[in-house]
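Worksheet: the structure to be examined is printed underneath.
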Amino acid sequence: MKTLKQISILLLCMALFLACKNKSEKTEEENTADIPVSREMKAELTSPPNVPRPVGRRKAKKLIVNMEILEKEGTMTDGTTYNYWTFGGSVPGSFIRTRVGDEVEFTLSNHQDNKLPHNIDLHAATGPGGGASSSFVAPGHQKTFSFKTLNPGLFVYHCATAPVGMHIANGMYGLILVEPVGGLPLVDKEYYLMQGDFYTAGENGAPGLQSFDMQKAINENADYVVFNGRVGSLTGDNAITANVGETVRLYVGNGGPNLVSSFHVIGEIFDKVRVEGGSLVNDNVQTTLVPSGGAAIVEFKVDVPGTFIIVDHSIFRAFNKGALGMLKVEGEENKTIYSGVVQEGVYNSVDDNVQKMPKADKNVKVASSNKSLAQKMESGKQIYTQTCVACHQAEGQGIPNAFPPLAKSDYLNANTKRAIEIVLKGKTGEITVNGKKYNGVMTRQTISNDEIADVLTYVYNSWGNNKTNVTKAQVAAAKSGH
Amino acid sequence: MVLIKGGTYTPLYGSDSLKVSVQDFKMDVYPVSNKLFLEFIKKKPKWKRSNIKKLFADKNYLINWKSDMELGDNQSINAPITNVSWFVAKDYCDYLGKRLPTIDEWEYVAMANEDLPDARQLKTYNEQILGWYEKPKTFNNDIGSTFKNYWDIYDMHGLVWEWSLDFNSVLISGESRKDVDDDSKLFCGSAAIGVTDLMNYAAFMRYALRGSLNAKYALKTLGFRCVKDLNQ
Chain A
1 MKTLKQISIL LLCMALFLAC KNKSEKTEEE NTADIPVSRE MKAELTSPPN
51 VPRPVGRRKA KKLIVNMEIL EKEGTMTDGT TYNYWTFGGS VPGSFIRTRV
101 GDEVEFTLSN HQDNKLPHNI DLHAATGPGG GASSSFVAPG HQKTFSFKTL
151 NPGLFVYHCA TAPVGMHIAN GMYGLILVEP VGGLPLVDKE YYLMQGDFYT
201 AGENGAPGLQ SFDMQKAINE NADYVVFNGR VGSLTGDNAI TANVGETVRL
251 YVGNGGPNLV SSFHVIGEIF DKVRVEGGSL VNDNVQTTLV PSGGAAIVEF
301 KVDVPGTFII VDHSIFRAFN KGALGMLKVE GEENKTIYSG VVQEGVYNSV
351 DDNVQKMPKA DKNVKVASSN KSLAQKMESG KQIYTQTCVA CHQAEGQGIP
401 NAFPPLAKSD YLNANTKRAI EIVLKGKTGE ITVNGKKYNG VMTRQTISND
451 EIADVLTYVY NSWGNNKTNV TKAQVAAAKS GH
Chain B
1 MVLIKGGTYT PLYGSDSLKV SVQDFKMDVY PVSNKLFLEF IKKKPKWKRS
51 NIKKLFADKN YLINWKSDME LGDNQSINAP ITNVSWFVAK DYCDYLGKRL
101 PTIDEWEYVA MANEDLPDAR QLKTYNEQIL GWYEKPKTFN NDIGSTFKNY
151 WDIYDMHGLV WEWSLDFNSV LISGESRKDV DDDSKLFCGS AAIGVTDLMN
201 YAAFMRYALR GSLNAKYALK TLGFRCVKDL NQ
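Heads up: the sequence lines are chains A and B, in that order.
Read in order, the letters of the first sequence correspond to residues 1 to 482 in the numbering used here.
Read in order, the letters of the second sequence correspond to residues 1 to 232 in the numbering used here.
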C-alpha cells in the first residue's frame with residue numbers, strides 16, 4: 001500500500017514535470033508570427049545618444065511609430081556644415097524600441113520643404129524591401145504601412161530611394177531594437193551610437209557648407225568617419241557618462257555607406273557582445289566588428305573612474321577623421337584594478353631614444369633669410385599641411401581633449417620663444433590652453449630652422465593669432481640656447 | 001518661348017538601341033510664375049483653392065496662399081508657382097494653346113549647360129545640379145535667377161522640379177533596388193547596371209521624384225512650364 005502510494009506520487013510528479021517541460025518548450029518554439037497583440041501604444045522615439053525605456057514584461061502591442069523626414073543643414077565639425085537628410089531630425093535617426101510580436105504601424109512623413117522623395121527599409125521587417133516599396137513618399141505627403149516583428153535583435157533602418165548610396169551617405173539611417181519576450185536583462189546605463197562615413201567636396205576640416213562628393217563616395221575615400229553624424233558628438237560636454245560599478249550597454253550601429261567599423265572602447269573589455277545584434281553572445285571581447293548596415297550590442301561593467309575613449313580602431317579614422325567618442329566614468333578609484341602611475345624615473349639607453357618624426361618629403365624651397373611675409377606664409381602653409389595638420393587640424397582647431405588648438409591660442413601667443421622650443425624639442429606634460437588642460441606628447445620636429453620660422457610665422461599669422469613674424473635668427477638662437 | 005531644335009539622344013534608362021528622338025518644339029523660357037498663375041486663375045475660377053475638387057488636387061494645393069487670390073506673405077510674385085497639381089498645370093498650358101513637355105523633351109533640354117546642348121559628361125555639370133538638389137528652400141527664388149542654358153532657357157536646374165505630361169510613365173516602384181528585375185526599361189537600382197550614364201545621379205533623383213508623384217499631388221518644390229509643337 002505504502003509502495004503504491006509512493007509510486008503514484010512519483011507518477012504524479014513525473015506528469016507535472018512533463019507538463020511543465022512541455023509548456024516551456026511551447027513558449028520557446030512558439031511561432032512569433034502568432035503572438036497576439038493587445039491594445040495600441042505610441043512608440044517613444046529618442047534621438048542619439050539616448051534610447052527609449054526598456055520594454056520589460058509588457059505584452060506585444062500595436063505600436064504606433066510616427067517618423068518625419070527632414071532635410072536640413074547641420075554642423076559636421078566646428079566651422080563646417082553639411083546638408084543632412086534625416087529621419088526625425090537627427091543623424092542617426094530616432095531610436096525605435098519594440099518587442100518581438102509587436103505589430104508596428106509605421107507612418108513616414110516627408111516634410112513639405114524637402115526636395116526629394118524618400119522611403120524606409122527596416123531590416124527588422126520581414127517583407128519585400130523591408131517596407132521600402134510601401135513607404136515611398138513624395139515631399140509634403142505621408143505613407144503608412146505595418147509589419148510584425150518576428151525576430152529579436154538590433155537592426156538598422158535606412159532610406160532606399162535612388163540613388164540609395166547618396167541617401168545613406170547624407171545620414172538617412174538609424175536603429176530599431178526588437179527585444180525578446182520578457183525584454184533584455186536590465187542594465188544601469190544604455191546608449192545609442194552609430195557610425196557613418198561622409199564624403200565632402202572639401203577635405204576634412206575645410207570650412208563652410210560642404211556638399212556631398214559622389215566621386216569620393218564611389219572611391220570609398222571618406223573625409224569624415226564619425227559617431228552620431230558629426231565630429232565631437234560624444235566628446236567633451238557631449239560625452240556619455242556612467243558611475244563606477246554600473247553596467248553600460250551600447251547599442252552600436254553602422255550606417256556606412258561604405259566602411260566597416262572596428263568598434264573598440266579604449267581601457268575597457270566588453271564583457272558581452274551580442275554579435276551583429278543577433279542572439280549569439282560572445283564574452284570578453286576587445287574589438288568587435290560592426291558591418292555597414294549592421295549592428296552590435298556591447299555590454300561592460302565599469303570598474304574604475306576615468307575617461308574611456310570610444311573609437312573605430314581603424315585608428316586613423318579616430319584621430320584624423322572624427323570617429324572618436326568618450327565615456328566619462330565617475331566614482332571611487334580601485335588601485336588593485338588600475339594603479340595609475342606608481343613610479344617614474346629617467347631612462348636612457350645607449351641609443352638616442354628620443355622619438356623622431358620621419359623627415360617629411362618636402363618640395364619646400366629653402367629660401368634666403370630675407371623672405372617676404374607672403375613667401376613665408378606660402379612655404380609655412382605647405383610645411384603645416386605636411387607636418388602639423390594631422391594633430392592640430394587644418395584650421396588650427398586641434399582636437400578637444402587630445403591636441404591643443406593653435407587658433408586663437410593664449411598659450412601660443414604668450415611666448416614665441418617657448419613655441420619655437422616646442423617645435424625644436426617636442427613637449428611632454430600638462431599644459432593649459434584657452435582654459436583647457438592637455439596632457440599629451442608632441443614629438444620633436446626634424447625640420448630646418450628656416451622651415452620652423454616659416455611654419456610658425458604661418459601659424460602666428462592665421463586663425464586670429466597675434467601676427468608675430470618669426471625669424472630664422474630667433475630659431476637659431478633658441479636652438480643654441482641650451 | 002524659344003525654339004528647341006530636335007535631335008536624338010540616349011536617356012538615362014536607355015541603351016544605344018533605345019535612343020529617343022525629339023522633334024523641334026518651342027519651350028517657355030521660364031517656369032510659370034506666381035504672377036502669371038494668378039492671372040490664369042482669375043479667368044478659370046474653378047481652379048481657385050476653395051473651388052477645386054479633391055479629385056484634382058490634394059490638400060497642399062496653393063496651401064501657402066493667404067486666400068483664393070492672394071499670395072502668402074513670404075511668397076514672391078516672381079517666384080515660380082508651386083503647390084499645383086498635374087491637372088491644373090496641364091489645364092494652364094492647354095488654356096494657352098500649349099501643353100506640358102514630355103519627360104523626353106524636358107530631359108533633352110535639361111542636358112544643356114551654358115555652352116553645350118549635352119553637358120552630361122562634364123563633372124562640373126553634374127556637381128552643379130547635385131549641389132542644388134542638396135540646397136534647401138530654393139522654391140521662393142525668382143524665376144530667371146539661375147543660369148541661361150544653351151537653348152536660352154532658364155531655371156531647368158536650381159529652382160524647382162517641374163511637371164511633365166507623362167510623369168507617371170516612370171516605373172519606379174519605390175523599392176529602387178528591385179527595379180533592376182522589372183521588365184521596365186528604367187533600371188534605377190542601386191547597382192544601376194544597364195544605365196547608360198552611370199554618373200548621372202542627378203537624373204536618378206529626378207526620375208525618383210517623378211516616380212513618387214500622383215497627378216493630384218501639389219508639392220512645395222514642384223512647378224511647371226509649357227511647350228508648344230511647331231506646326232500649331
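Beta carbons are placed, not taken as given, at the ideal position from N, Cα and C, and that holds for glycine.
Cutoff 8 Å: residue i Cβ touching any chain A Cβ
{"i": "B:Cys188", "result": "Confidence at B:Cys188 is low in this model, with a pLDDT of 37, below 50, so the placement of that residue should be treated as unreliable; the coordinate-derived value is given next. Taking Cβ atoms only, chain A reaches closer than 8 Å to B:Cys188, which makes this a yes."}
{"i": "B:Ser212", "result": "yes"}
{"i": "B:Glu134", "result": "yes"}
{"i": "B:Thr124", "result": "no"}
{"i": "B:Leu209", "result": "yes"}
{"i": "B:Asn233", "result": "A query on residue 233 of chain B cannot be resolved here, the shown segment of chain B reaching from 1 to 232 and no further."}
{"i": "B:Phe87", "result": "no"}
{"i": "B:Gly131", "result": "yes"}
{"i": "B:Lys137", "result": "yes"}
Cutoff 8 Å: residue i Cβ touching any chain B Cβ
{"i": "A:Gln112", "result": "yes"}
{"i": "A:Val91", "result": "no"}
{"i": "A:Lys376", "result": "no"}
{"i": "A:Asn83", "result": "yes"}
{"i": "A:Met67", "result": "no"}
Closest Cα partner of residue i within the set the options
{"i": "A:Asp303", "options": "A:Val164, A:Gly245, A:Thr161 and A:Gly278", "result": "A:Gly245"}
{"i": "A:Ser448", "options": "A:Lys328, A:Ile420, A:Glu105 and A:Val248", "result": "A:Ile420"}
{"i": "B:Ser169", "options": "B:Lys43, B:Asp104 and B:Ser85", "result": "B:Asp104"}
{"i": "A:Leu327", "options": "A:Asn320, A:Gln343, A:Ile309 and A:Tyr338", "result": "A:Ile309"}
{"i": "A:Val285", "options": "A:Phe300, A:Gly277, A:Pro291 and A:Arg230", "result": "A:Phe300"}
{"i": "A:Pro257", "options": "A:Glu430, A:Arg444 and A:Met172", "result": "A:Met172"}
{"i": "A:Pro49", "options": "A:Gly255, A:Leu234 and A:Ala132", "result": "A:Leu234"}
{"i": "B:Asn78", "options": "B:Trp106, B:Phe56 and B:Val32", "result": "B:Val32"}
{"i": "B:Lys66", "options": "B:Leu38, B:Asp91 and B:Leu116", "result": "B:Leu38"}
{"i": "A:Arg53", "options": "A:Val226, A:Gly183 and A:Asn238", "result": "A:Gly183"}
{"i": "B:Gly211", "options": "B:Asn231, B:Asp229, B:Leu230 and B:Asp166", "result": "B:Asp166"}
{"i": "A:Glu68", "options": "A:Asn110, A:Glu220 and A:Met214", "result": "A:Asn110"}
{"i": "B:Val22", "options": "B:Trp106, B:Leu100 and B:Gly6", "result": "B:Gly6"}
Contact check, residue i vs residue j, beta carbons under 8 Å
{"i": "B:Pro80", "j": "B:Leu209", "result": "no"}
{"i": "A:Val158", "j": "A:Val137", "result": "The question names Val, but residue 158 of chain A in the sequence shown is His. Cβ atoms of A:His158 and A:Val137: not closer than 8 Å."}
{"i": "A:Met166", "j": "B:Tyr125", "result": "no"}
{"i": "A:Arg317", "j": "A:Ile297", "result": "no"}
{"i": "A:Ala169", "j": "A:Tyr199", "result": "yes"}
{"i": "B:Tyr207", "j": "B:Leu12", "result": "yes"}
{"i": "A:Thr144", "j": "A:Thr107", "result": "yes"}
{"i": "A:Phe155", "j": "A:Ala323", "result": "no"}
{"i": "B:Lys216", "j": "B:Phe25", "result": "no"}
{"i": "B:Leu96", "j": "B:Cys226", "result": "yes"}
{"i": "B:Glu134", "j": "A:Ser211", "result": "yes"}
{"i": "A:Glu203", "j": "A:Arg99", "result": "no"}
{"i": "B:Ile143", "j": "B:Asp155", "result": "yes"}
{"i": "A:Thr416", "j": "A:Thr336", "result": "no"}
{"i": "A:Leu193", "j": "A:Asn228", "result": "yes"}
Heavy atom of the ligand NAP within 7 Å of residue i beta-carbon
{"i": "A:Gly74", "result": "This structure does not include the ligand NAP; it has no bound ligands of any sort."}
Other residues of its chain near residue i: CB distance less than 6 Å, five sequence neighbours each side excluded
{"i": "A:Glu73", "result": "Thr81 and Asn83"}
{"i": "B:Leu62", "result": "Arg49 and Asn83"}
{"i": "B:Trp47", "result": "Ile41 and Val88"}
{"i": "B:Ala191", "result": "At B:Ala191 the pLDDT is 36, less than 50, meaning the model places this residue with poor confidence and gives no usable figure here."}
{"i": "A:Gly398", "result": "His392, Pro404 and Pro405"}
{"i": "A:Val260", "result": "Pro291 and Ser292"}
Under 8 Å by beta carbon: chain A residues contacting residue i
{"i": "B:Lys26", "result": "Within chain A, no residue comes near B:Lys26; the closest Cβ sits about 28 Å away, beyond 8 Å."}
{"i": "B:Phe204", "result": "Ala162 and Pro163"}
Where residue i meets chain B, residues with beta-carbon distance less than 7 Å
{"i": "A:Gly140", "result": "Asn60, Leu219 and Lys220"}
{"i": "A:Phe155", "result": "The contacting residues do not exist; A:Phe155 stays about 17 Å from chain B at best."}
Closer than 9 Å at the beta carbon, the chain A residues around residue i
{"i": "B:Phe167", "result": "Under the 9 Å cutoff, chain A gives no residues; its nearest Cβ is about 11 Å from B:Phe167."}
{"i": "B:Tyr201", "result": "Ala162, Pro163, Gly165, Met166 and Met214"}
Interface partners of residue i on chain B, CB under 9 Å
{"i": "A:Ser485", "result": "Shown here, chain A extends from 1 to 482; a query on residue 485 of chain A therefore has no answer."}
Amino acids of chain B, ordered along the chain, whose beta-carbon sits closer than 8 Å to that of residue i
{"i": "A:Lys72", "result": "Pro136"}
{"i": "A:Leu116", "result": "Tyr133, Met205, Ala208 and Leu209"}
Beta-carbon proximity list for residue i, same chain, < 8 Å, skipping 5 on both sides
{"i": "B:Pro112", "result": "Checking the sequence, you will find Ala at residue 112 of chain B rather than Pro. So the list reads Asp118, Ala119, Asn149, Tyr150, Trp151, Ile153 and Met156, once near-sequence residues are dropped."}
{"i": "A:Lys115", "result": "Glu71 and Pro139"}
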